[in-house]
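Undergrad: According to our numbering, the sequence shown is numbered sequentially starting from 1.
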Amino acid sequence: MQQQMSVITLGVGDLARSRRFYGEGFGWTPVFENAEIAFYQMNGFVLGTWLKAALEADMTRQGLASPGAFALAHNVGTREAVQPLLERLALAGGRVLRPADAPVHGGFRGYVADPDDHAWEIAWNPAWPIDDRGLVSFGV
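(1) Classify L135 as helix, strand or coil using the three-state DSSP reduction.
(2) Is it a yes or a no for the segment 122 to 137 touching the segment 27 to 34, going by three-plus beta-carbon pairs under 8 angstroms?
(3) Do D116 and V12 have their C-beta atoms within less than 7 angstroms of each other?
(4) Compare the C-alpha of Q41 against each of K52, A54, F26, L55 and name the closest.
(5) Between the beta-carbon of L55 and the beta-carbon of I8, is there less than 7 angstroms?
(6) Please report how far the alpha carbon of R95 lies from the alpha carbon of A113, in whole angstroms.
(7) Go to Q41, then tell me how far its beta strand (DSSP E) extends in each direction, as first and last residue.
(8) Run through DSSP, which three-state label would G110 get?
(9) Using alpha carbons as the reference points, say which of F21, L10, E24, F45 lies closest to L135.
(10) When burial is assigned at 16 or more other CB atoms within 10 Å of the CB, is V104 buried or exposed?
(11) Spatial neighbours of R98 within its chain, please: C-beta separation below 6 angstroms, excluding the five flanking residues on both sides.
(12) Per the DSSP calculation, A119 is bridged to which residue(s)?
(13) Where do the ends of the beta strand (DSSP E) carrying D14 lie?
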């Protein structure tokens with residue numbers, strides 16, 4: 001079976017607040033949005049932000065747990081790009097979880113939570129090249 005992901009959907013409490021974080025913070029524009037959901041075209045998949053109550057209804061699963069056991073990651077092309085992006089995301093409604101620093105395994109990274117507490121790692125890793133299309137590869 002092909003290793004691929006089509007859509008990642010995050011439950012959010014306030015769609016306008018979420019759009020501000022992803023739009024002003026990351027600079028992303030939805031490819032589709034309505035009163036309940038916004039879809040962002042990513043590199044090979046789609047990120048959805050959907051009102052949590054509507055997502056619960058769609059899954060027929062109530063009381064979705066708060067995020068915490070995972071982190072999404074956004075890799076940048078240079079070490080110098082990490083800190084300014086963390087700051088921009090914080091200004092757009094996010095909360096810095098870990099200031100940018102250099103981990104023992106190399107690179108440079110920090111963590112920020114979106115307004116619904118979904119954790120994002122903002123990272124530069126010289127061993128993970130990003131091509132002209134914005135696709136990252138696990139370089140070994």
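Beta carbons are placed, not taken as given, at the ideal position from N, Cα and C, and that holds for glycine. None of the values given here were measured: they were computed from a predicted structure.
TA: In short, the structure shows the following:
(1) coil
(2) The segment 122 to 137 is not in contact with the segment 27 to 34.
(3) yes
(4) Of K52, A54, F26, L55, the residue nearest in Cα terms is F26.
(5) no
(6) 5 angstroms
(7) 37 to 41
(8) strand
(9) F45
(10) exposed
(11) G110, Y111
(12) A113
(13) From DSSP, D14 is part of no beta strand (DSSP E); its letter is neither H nor E.
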